[in-house]
Amino acid sequence: MDTILQQMPVVIGALNKGFLQTLKLFFATLAGAIPLGLVISMGSMSRIRLLNRITRVFVWIIRGSPLMIQLLIIYYFPGLVFHTPIWGGGEDGRFHAAAIAFIINYACYFSEIYRGGIQGIPVGQEEAGLVLGMTRFQIFWHVKLLQMIKAIVPPMSNEIITLVKDTSLARIIALQEIIWAGQAFMKGSQGISGAIWPLFFTAVYYLLSIGILTILLNRLEKRLAFFR
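Per the numbering used here, the very first residue in the sequence shown carries number 10; after that it's consecutive.
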């Protein structure tokens, strides 16, 4: 017990540093995937047949393959093709590769949620808007958008909570997120080796993060309840 108390400041410091990297990846993914997902959903609903098919095949490939494989391909494959690591060997390079992989992956999942939300709105509303002389963009922006947001909040909340836990997959390319930081003390880090208890502490970070997100997303869902 005395040994654990002595090790605690070192472990907490390392976990805090890893958790900051986890938060960076989380927010970078949301910032990129939320708008990109909307763009992809428009492609999958496009009346241009070629664009529609290409988009749907792309989404099928991304959703049908493991995120871990996508991380490995995005990080290592360009270097094998161009014979030079385009991401570099540092932590920043690994972060950029991980962020791009996560953004593409989650954008495809978000796109299907967007598509379901948009197509779930009665067609009569669009027809009424066209009769009134509105453009399709105006109908989407002024009529459909808020209704779509209300419909997609619950499934989007699930994906966002899953994203918090999926950030741990980034350690496959040696990104030093919180799980990496906790596991390092088992292998030998900063004079500590064979210690498994730091891994249990990482669960506390995840539980707190998910708890806060759940509260915020539930409040958002209640604020949008006036569409019922």
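Every residue gets a Cβ at the ideal spot worked out from N, C-alpha and C, and that includes glycine. Just so we're clear, the structure is a prediction, and the values are computed from it rather than from any experiment.
Looking at the unbroken alpha helix (DSSP H) that takes in residue i, where does it start and where does it end?
i	result
residue 64	58-73
residue 135	132-140
residue 109	100-128
residue 218	206-232
residue 189	187-196
residue 88	76-91
residue 145	145-148
residue 176	No alpha helix (DSSP H) contains residue 176, which DSSP labels as neither H nor E.
Do residue j and residue i count as a contact pair if the criterion is CB distance below 8 Å?
i	j	result
residue 39	residue 158	no
residue 191	residue 47	no
residue 219	residue 170	yes
residue 161	residue 215	no
residue 82	residue 113	no
residue 208	residue 77	no
residue 193	residue 108	no
residue 163	residue 121	no
residue 68	residue 53	yes
residue 115	residue 204	no
residue 152	residue 138	yes
residue 32	residue 104	no
residue 173	residue 217	no
residue 210	residue 19	no
Give every residue of the same chain whose Cβ lies closer than 7 Å to the Cβ of residue i, excluding the five residues on either side of it in the sequence, and list them in chain order.
i	result
residue 189	27, 180
residue 186	27, 30, 31, 34, 176, 177, 179, 180
residue 88	94, 95
Quick one, which of the options has its alpha-carbon nearest residue i's?
i	options	result
residue 135	145, 129, 126	145
residue 184	102, 86, 117	102
residue 127	142, 100, 51	51
residue 227	212, 66, 172, 165	165
residue 131	154, 118, 119	154
residue 176	17, 85, 30	30
residue 117	206, 225, 66	66
residue 167	213, 224, 140	224
residue 249	213, 49, 98, 86	Residue 249 lies beyond the residue range present for the chain, which begins at 10 and ends at 237; the question has no answer from this structure.
I'd like the list of long-range same chain contacts for residue i, defined as Cβ closer than 6 Å, with 5 residues on each side in sequence excluded.
i	result
residue 110	79, 80, 83
residue 182	80, 84, 103
residue 90	none
residue 106	83, 84, 96
residue 119	42, 46
residue 196	none
Can you give me the Cβ contacts of residue i inside the same chain, cut-off strictly under 8 Å, excluding the 5 residues immediately before and after it?
i	result
residue 60	52
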